Structure formats: structure tokens, C-alpha cells
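Each residue of the sequence shown is one higher than the one before, starting from 30 at the first, in our numbering. Beta carbons are placed, not taken as given, at the ideal position from N, Cα and C, and that holds for glycine. All figures in this text were calculated on a predicted structure; none of them were measured in a lab. Take a look at the structure below.
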Amino acid sequence: PAAAGSGGALTIRLPDPRGVSSVAVSCPSGFTGRSTYGSTVHVIEGVPGEPCTLWFRGSSPYRFVGVAGGQSLTCSFKDSVIDCR
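Written out as C-alpha cells, the structure is:
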């Protein structure tokens, strides 16, 4: 889960993207951001330091809860579940 902090860039690494074309984030404060796929690394700037939800868009939609600005995570897919650490 995300810890409260000042926020910042949220970096998401997808070693095996599985058809993900973009990554979006939404937060309780109303902040939303999106990164368009360009490689295996997605960066979303200005994400608040509050527990937010990641949305992975592409061939199969995935969702991961509990991220915050300032984090750098690697996400992997297994069946219909995504795990980010």
C-alpha cells in the first residue's frame, strides 16, 4: 500500500507488457494522469502522495490499488492478476 508523502513521478516498469498500450492513475483527490506506451517503462508525473489506483489499458484491462507519487514499481502479470512491487 502507498504511504502518505509529497508525491511526484510514478514510474511503472512492465518487463512483459502483455498488450498494455497505456497506464492511467486515479486518486481520491481527483487527480488523474496517463502514460502512453512507448517502451516497457511508463512515467506519470505529478502524482499525489496518497493511495491511488493504476489502470492498465490494452488487450486485457488490469487494475492495481495502492500506489502513490514518488514510487517506482515493477509490475508483472499472472493469468488475470497483476502484481506490482
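Do you know how far the Cα of residue j is from the Cα of residue i?
i, j, result
"Pro-90", "Ile-41", "16 Å"
"Ile-115", "Gly-75", "The chain is shown from 30 up to 114; residue 115 falls before or after that span and cannot be answered."
"Ser-58", "Ser-51", "22 Å"
"Leu-43", "Ser-105", "6 Å"
"Ser-120", "Arg-92", "Residue 120 is absent from the model: the chain starts at 30 and stops at 114."
"Gly-37", "Lys-107", "28 Å"
Using 8 Å as the threshold, is the C-beta distance between residue i and residue j below it?
i, j, result
"Ser-88", "Gly-48", "yes"
"Gly-99", "Gly-78", "yes"
Rank the options by C-alpha distance to the C-alpha of residue i and give the top, closest one.
i, options, result
"Val-70", "Val-96, Gly-36, Pro-46 and Glu-79", "Pro-46"
"Arg-86", "Val-72, Glu-74, Arg-63 and Ile-73", "Arg-63"
"Cys-56", "Pro-80, Cys-113 and Trp-84", "Pro-80"
"Ile-73", "Val-54, Thr-82 and Cys-113", "Val-54"
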